[in-house]
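Enquirer: If you're matching positions, the sequence shown starts at 4 in our numbering and goes up one per residue. Quick reminder that beta carbons are idealized off the backbone N, C-alpha and C, glycines included. Can you read through this structure? Questions will come right after.
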Amino acid sequence: MTGFHTLRRQQWIPRPLGEVFAFFSDARNLAEITPPELGFRILTPGPIRIAAGARLRYRLSWHGIPVGWTTEIRRWEPPYRFVDVQLRGPYRLWYHSHLFEDHQGGTRMTDVVRYRLPFGIFGRLVHAVSVRRDVERIFDYRSRRIAGLFAAVGRLEAG
């Protein structure tokens with residue numbers, strides 16, 4: 004369908020599946036793996052219990068513009084998968100699937116983000132000029148931070 008975009012990333016993490024899933028299912032760690040220039044802040048009062056139906060509110064800054072964002076956990080299948088979906092925010096659609104599996108003595112983590120911008124052809128133009136690179140840059144930063152936090156991480160695939 005026109006206007007839909009997909010980002011897919013895989014990363015191998017030299018830690019057990021349960022440990023990796025626990026890290027990514029703790030909302031407090033989002034700020035650790037988000038580029039600092041985005042000024043990411045969780046607005047949902049803690050403690051936050053992640054489970055199906057949980058909603059998270061946060062704020063960030065995109066090119067200096069403050070953006071509110073609310074997501075809901077739609078699928079929760081520990082320690083293998085969870086999916087968050089944007090309820091309110093800058094995208095017309097944001098569906099982020101987090102997959103985890105045992106792999107070569109560690110954990111293979113796969114992120115699949117399916118998204119669509121608002122504003123029809125204008126949104127597609129903005130995606131081509133800026134948003135695609137911004138999303139890729141955010142996930143590149145995330146990959147580097149994960150590598151630093153978990154040490155000796157090998158990247159399997161990007162695209």
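Would you identify the three-state DSSP class for Ile51, choosing helix, strand or coil?
Expert: Within the sequence shown, numbered from 1, the residue matching residue 51 stands at position 48. In the structure shown, Ile51 sits in coil (DSSP, three-state: anything other than H, G, I, E or B).
Enquirer: Tell me where the alpha helix (DSSP H) around Glu22 begins and ends.
Expert: Against the sequence shown, residue 22 aligns to sequence position 19. First-last of the alpha helix (DSSP H) with Glu22: Leu20 to Phe27.
Enquirer: So, for Phe43: in the same chain, excluding its five sequence neighbours on each side, which residues have a beta-carbon less than 7 Å away from its beta-carbon?
Expert: In the sequence shown, the residue the question calls residue 43 occupies position 40. If we look at Phe43 and ignore the five residues flanking it on each side, its Cβ neighbours are Leu33, Ala34, Thr37, Tyr61 and Leu63.
Enquirer: CB-CB under 6 Å to Leu152, same chain, minus the five flanking residues each way: which ones, in chain order?
Expert: To locate residue 152, count along the sequence shown from 1; it is residue 149. Closer than 6 Å at Cβ, skipping near neighbours: no residue.
Enquirer: Counting C-beta neighbours from all protein chains within 10 Å, is the total for Tyr83 16 or more, i.e. buried, or is it exposed?
Expert: Start at 1 with the first residue of the sequence shown, and residue 83 comes out as number 80. Classification for Tyr83: exposed.
Enquirer: Residues in its own chain within less than 6 Å of Phe26 by CB, not counting five upstream and five downstream?
Expert: Here residue 26 corresponds to residue number 23 of the sequence shown, with the count starting at 1. Counting only Cβ-Cβ distances below 6 Å, and skipping sequence neighbours, we find Asn32.
Enquirer: In the DSSP assignment, find the unbroken beta strand (DSSP E) run with Glu75 in it and report its ends.
Expert: Position 72 of the sequence shown, counted from the first residue, corresponds to residue 75. Here the beta strand (DSSP E) through Glu75 covers Ile68 to Glu80.
Enquirer: Since I believe Gly56 is in contact with Glu75 (beta carbons under 8 Å), could you give me their beta-carbon distance rounded to a whole number of angstroms?
Expert: Counted from its first residue, the sequence shown places residue 75 at position 72. Counted from its first residue, the sequence shown places residue 56 at position 53. Contact holds; Cβ gap of about 7 Å.
Enquirer: According to DSSP, is Tyr118 part of a helix, a strand, or is it coil?
Expert: The residue labelled residue 118 in the question sits at position 115 within the sequence shown. Here Tyr118 sits in strand by DSSP.
Enquirer: Report yes if the CB atom of Arg117 is closer than 8 Å to the CB atom of Phe7, and no otherwise.
Expert: In the sequence shown, the residue the question calls residue 117 occupies position 114. In the sequence shown, the residue the question calls residue 7 occupies position 4. Going by C-beta atoms, Arg117 is nearer than 8 Å to Phe7.
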